[in-house]
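Notes follow the structure.
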Amino acid sequence: MIRHVFAALLLAAIASGTRAQQSNYSELPDPRPVDPVAWSTVKPGTHAFFGSADVRYDKIFAPDAGTLRSAWKTQAWRGEKVHTQFVIYTTKAVKAVSIEKSDLKDTKGNKIPSSAITPGFIRYVMTDELNSEGGGCGHRRPQDFDSSLVADGIDIIPAIDINANNVQPVWLSVTVPPQTPAGVYKGSIRIKTASGYLPAPLNYEITVSERVLPQPKDWAFHLDLWQSPYAIARVHNTKLWSKEHFDAMRPYMKMLADAGQKVITTSIIYDPWNSQTYDIYGDMIKWTKKKDGSWLFDYTVFDKWVSFMMEMGISKQIASFSMIPWNLKFFYYDEAAGKDLVLTAKPGTPEYDQHWRPMLTDFARHLKSKGWFDITCIAMDERPLESMQSAIKLIRSVDKDYKVSLAGLYHKELVDDIFDYCLASGLDFTKEEKEKRLAKGWPSTVYTCCSEGFPNTFTFSPPAESAWLGWHAAAKNYSGYLRWAYNCWVKDPLQDSRFKTWAAGDTYLVYPGPRSSIRFERMIEGVQAYEKIRVLKAAGKGAELEKVLKTFEINALKQKKAADMVNAANAVLNRL
């Protein structure tokens, strides 16, 4: 019954149609009117200048010309991806605006090829704001929050029309090939419209260092952004786990692997998060209670998903959710009854033990047969101490070598039992605990969720906060960062990032397409900074770095802007 309902919901979503594969789409109207006064001082025509990656430019307000530049200069390590924005704004409507790029060249004939340069039109999505308590949790009615259009998604379309008295930001990324010789590389961007080119090109240069940033697959940073294959099936109109579904998922998961993702999100029960997402997580393992009382477990979907993710380059860890779902409901098919049934049981009770012991036993057998046991964690999030202790006791009674992961509050009692322990921001292990865990190679990470007003990755959060998180992880000696979620999309994620619960953008970092976002690109910047810090410390530069790192305290954001902190810290990185 439950599985039939899930299938019906998916088919209904497919029938409704989506915009995931459209070459273009319409943004929602801005709730605010165009301010004619703001545009009255703008010279008639179409203009383009470099801006800042720290700014979400308003769509209908002319940018402050004093903050714009005709050229851009930056520094990069070999293998690093760097970025900025340039801003097109116009007093008249212009059609078919496109971006032409060319190789970046040094004086010796070396080049960064144009294939390593990616411009993308930034799109506007509806967002909201923090609640009256300064957080992002709790049920939301749109009328209770100030909503506005905000720049975030980075589109994949080759050309766009711009209305009169509108702003069109463009994200510019350059990935420096690892083998690029050190030097100064110069090039330009040209902007073309239906009526011709804008008169002045946008010139820029990148000074490439001798230093080399490792490739994402070799990054030590433990990035754990939770994935939803179910959302992709809905948005791309595909049958779950079909060839078309996996084909649709491939570019998303490749983009995630290129960000340094380490963990595969799996759901070993139906609906581990009590339907908190727009798309319910199904069970990747089918549970069947046979007529004789024994259990049969079908791992077909689990194996397909894990194998696929490993092919994408994500293979360090498998997180299997969850032995302690938020509603404590466990669905299974009962042969004797001829239908799906549900058991409600608390950890530590006989019913819970009887339900989970056969599964844990068979799951260990299956994982060992696939060679995955040592990288799999029985995963829980934000569960009470007593529940965790009861579950761990059961898990270890089945196999003492089972690994467990938890994202949640700090509990001293669990520090030596949890392999992958991720603490909510603002919490920490003791110095001795963290050193002991890291010496054992146990991931000891930090996460943000709807609770934190800042730093965070909402669609209205300052972009630099996404990069700030990587610096904070380095400063606190965390081994990485976790965020829910990579792509738990809302009903219409391209147009409206708001959700019935939690602040806008809390549920996803990338858009259907796949389309990246300002938030996701800045997060990658923070991960790269973490890796550069690691390389520099190994080269004996730790003392200089500590002066900068000690400033990355959460409370510092009450007085300082994340952008100012990150920019100052990056200047130090580039100097060392």
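For the sequence shown, the residue numbers in mature numbering (1 follows the signal peptide of the UniProt record, and there is no 0) are -20 to -1, 1 to 556.
Idealized CB from N, CA, C, for every residue including glycine.
Report, in whole angstroms, the separation of the C-beta atoms of aspartate 396 and phenylalanine 438, which I expect to be a contact under 8 Å. About 35 Å separates the two Cβ atoms, so there is no contact after all.
Spatial neighbours of valine 22 within its chain, please: C-beta separation below 6 Å, excluding the five flanking residues on both sides. If we look at valine 22 and ignore the five residues flanking it on each side, its Cβ neighbours are Ala42 and Thr71.
DSSP state of aspartate 126, grouped into three classes? In the structure shown, aspartate 126 adopts coil according to DSSP, grouped into three states.
Nearest neighbour of tryptophan 451, chosen from Gly421, Pro473 and Lys512 [CA to CA]: Ranked by Cα distance from tryptophan 451, the options Gly421, Pro473 and Lys512 are led by Lys512.
Return the bridge partner residues of leucine 152 from the DSSP annotation. Under the DSSP definition of a beta bridge, leucine 152 partners with Thr64 and Pro99.
Keeping to the same chain, check which residues put their C-beta closer than 6 Å to that of valine 281; ignore five residues upstream and five downstream. So the list reads Trp221 and Met264, once near-sequence residues are dropped.
Ordered along the chain, which non-local residues of its own chain (more than five positions away) have a Cβ less than 8 Å from that of aspartate 10? For aspartate 10, where only same-chain residues beyond five positions count, the Cβ hits under 8 Å are Lys39, Ile40, Tyr104, Ser128 and Leu129.
For residue 557, the nearest candidate out of Lys234, Ala455, Ile534 and Ala444 (CA to CA): Missing from the structure shown is residue 557; the chain here goes from -20 to 556 and no further.
So is serine 3 buried or exposed if we call it buried at 16+ other beta carbons inside 10 Å? By the beta-carbon neighbour count (other beta carbons within 10 angstroms, threshold 16), serine 3 is exposed.
Using three-state DSSP, classify tyrosine 332 as helix, strand or coil. The answer is helix: DSSP assigns tyrosine 332 an H, G or I state.
Taking the alpha-carbon of residue 574 as reference, which of Met339, Thr341, Lys326 and Ala96 has the nearest alpha-carbon? Nothing about residue 574 can be reported from this structure: the residues present for the chain run from -20 to 556 only.
Using three-state DSSP, classify isoleucine 140 as helix, strand or coil. If DSSP states are grouped into helix, strand and coil, isoleucine 140 belongs with the strands.
What separation, rounded to the nearest whole angstrom, lies between the Cα atoms of tyrosine 312 and proline 231? Cα to Cα, the separation comes out at about 33 Å.
Which same chain residues, not among the five before or five after isoleucine 244, have their C-beta less than 8 Å away from its C-beta? For isoleucine 244, where only same-chain residues beyond five positions count, the Cβ hits under 8 Å are Gln207, Trp285, Val286, Met289, Met290, Ile294, Ser295, Gln297, Ile298 and Ala299.
Given 8 Å, three or more beta-carbon pairs between the segment 84 to 102 and the segment 164 to 171: Three or more beta-carbon pairs separated by less than 8 Å link the segment 84 to 102 to the segment 164 to 171, which places the two stretches in contact.
Given asparagine 467 as reference, the closest of Asn254, Val77, Pro305 and Pro209 once Cα atoms are compared: Ranking the options by Cα distance to asparagine 467, first place goes to Pro209.
Just list the alpha helix (DSSP H) runs in the segment 165 to 242, keeping only unbroken ones of 4 residues or longer that don't cross its boundaries, in chain order. Within the segment 165 to 242, the complete alpha helix (DSSP H) segments of 4 residues or longer fall at 209 to 215 and 223 to 237, listed in chain order.
Within this structure, are the beta carbons of threonine 410 and tyrosine 458 separated by less than 8 Å? No.
Report all residues from its chain with a CB closer than 6 Å to the CB of serine -5; omit the five preceding and five following residues, and keep chain order. Any reading at serine -5 must be qualified, since the residue scores a pLDDT of 39, below 50, and its modelled position is unreliable; the value itself is stated next. So the list is empty, once near-sequence residues are dropped.
For threonine 425, three-class secondary structure by DSSP: When secondary structure is reduced to three states using DSSP, threonine 425 falls in the strand class.
Where the alpha helix (DSSP H) containing phenylalanine 440 begins and where it ends: Unbroken run through phenylalanine 440: none, as it is neither H nor E.
Just to confirm my understanding: we take alanine 139, look at its own chain, exclude 5 residues before and 5 after, and list those with CB closer than 8 Å. What are they? Excluding residues within five positions, the ones whose Cβ falls inside 8 Å are Ala76, Val77 and Ser78.
Using DSSP with H/G/I as helix, E/B as strand and the rest coil, what is residue 644? Shown here, the chain extends from -20 to 556; a query on residue 644 therefore has no answer.
Taking buried to mean at least 16 other C-beta atoms within 10 Å of its own C-beta, is asparagine 307 buried or exposed? The residue in question, asparagine 307, is exposed, as its Cβ has fewer than 16 Cβ neighbours within 10 Å.
If you check the beta carbons only, do glutamate 109 and phenylalanine 125 fall under 8 Å apart? Taking 8 Å as the cut-off, the Cβ atoms of glutamate 109 and phenylalanine 125 count as close.
Report back the beta-carbon spacing between tyrosine 390 and leucine 407 to the nearest angstrom; my notes put them in contact at under 8 Å. Their Cβ separation, rounded to whole angstroms, is 5 Å, which keeps tyrosine 390 and leucine 407 in contact under 8 Å.
Does the count of Cβ pairs from the segment 54 to 65 and the segment 174 to 189 closer than 8 Å reach three? As far as the Cβ criterion goes, the segment 54 to 65 touches the segment 174 to 189, which means the pair count is three or higher.
Neighbour flag for threonine 410 against chain D, beta carbons, 8 Å: The structure shown contains no chain D; it holds only a single protein chain.
Anticipated Cβ contact below 8 Å, leucine 236 with threonine 26, distance rounded: About 36 Å separates the beta carbon of leucine 236 from that of threonine 26, a gap too long to meet the 8 Å contact definition.
Indicate the three-state DSSP secondary structure (helix, strand or coil) for leucine 489 in the structure shown. Judged by DSSP in its simplified three-state form, leucine 489 adopts coil rather than helix or strand.
Burial state of lysine 61 (16 or more Cβ within 10 Å): Buried: at least 16 other Cβ atoms inside 10 Å.
Name the two residues that bound the continuous beta strand (DSSP E) containing arginine 363. Unbroken run through arginine 363: none, as it is neither H nor E.
Residue 557 versus glutamine 334: straight-line alpha-carbon distance, rounded: No answer is possible for residue 557: it lies beyond the span of the chain, which begins at -20 and ends at 556.
Could you work out which residue in Leu462, Asp44 and Ile358 is closest to serine 405 when comparing CA atoms only? The residue with the shortest Cα to Cα distance from serine 405 is Leu462.
Can you check DSSP and say which residues form a bridge with glycine 163? Val188.
I'd like the list of long-range same chain contacts for glutamine 148, defined as Cβ closer than 6 Å, with 5 residues on each side in sequence excluded. Here glutamine 148 has Ile68 and Ile142 as same chain residues with Cβ atoms under 6 Å from its own Cβ, once five neighbours each way along the sequence are excluded.
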